[in-house]
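*Asks:* First residue of the sequence shown: 141, per the working numbering; consecutive thereafter.
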Amino acid sequence: MWLRWHKQIELMLLMMALLILGTAYFSRLTPEERRLIELEAGLEQLYLLETAHFAEHKRYFDPTDPAEGLDWRWMDDYEWEARVTAEGFWLVVRADLDGDGQVGAWAIDDESLQVWSLTDD
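1) For the candidate residues 182, 230, 239, 156, whose alpha-carbon lies nearest to that of residue 213?
2) Where does residue 229 fall in DSSP's three states?
3) Would you mind stating whether residue 260 and residue 244 have Cβ atoms separated by less than 8 angstroms?
4) Could you tell me which residues DSSP puts in a beta bridge with residue 207?
5) Evaluate the contact criterion for the segment 203-210 versus the segment 167-183: three or more CB pairs, one atom per stretch, below 8 angstroms.
6) Taking the alpha carbon of residue 255 as the point to measure from, which residue in 233, 167, 239 has its own alpha carbon closest?
7) Determine, using beta-carbon pairs with one atom in the segment 216-228 and one in the segment 152-165, whether at least three such pairs fall under 8 angstroms.
Structure below.
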C-alpha cells in the first residue's frame, strides 16, 4: 500500500515541478515584447483621450502639437505621425523596438480601440 502511494506522490511532485518550471519559462517577456505591450497600451490610452476630448469639445486634438498635445515622456521614444480632422484622427507610430535596424509601424484611429501593426519590427 505504501509503495502505491509513494509512486503517486512522486508523480504528483514531478508534475508540480514541471508545471512550475514551465510557467516560469513561458511567462517571461523579452524586452522587445515588453516595449510592444507598453506602446500598444499607450496608443489605447490616446484613443480613449481622443474620444473623451471629442465628446466634450466636439473635435479631436493633435497629441503631437506642443500647444494642445500631451507631454508624455514615453512619446519621445517614438516617431509620430498624426492626422487629425474634424471627422476623425489617425495616429501612426514608428519605432525599432528590437534594435535590428528595421522600423515597425503601428496605427490607431477613431474607428476602434484596435491597434494595427502596419509593418513588423
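Just so you know, even glycine gets a beta-carbon here, dropped at the ideal spot from N, CA and C. It should be emphasised that the depicted structure is a prediction, and the values quoted were computed from it without experimental measurement.
*Replies:* Result, derived from the coordinates:
1) Mapped onto the sequence shown, residue 213 falls at position 73. Among 182, 230, 239, 156, the Cα nearest to that of residue 213 belongs to 182.
2) Your numbering for residue 229 matches position 89 in the sequence shown. The DSSP-derived three-state label of residue 229 is strand.
3) If you number the sequence shown from 1, residue 260 lands on position 120. If you number the sequence shown from 1, residue 244 lands on position 104. Yes. Within cutoff.
4) The sequence position of residue 207 within the sequence shown is 67, counting from 1. DSSP lists no partner for residue 207.
5) no
6) On the sequence shown, residue 255 is found 115 positions in, with the first residue counted as 1. It is 233.
7) Cβ pair count under 8 angstroms is below three, so no.
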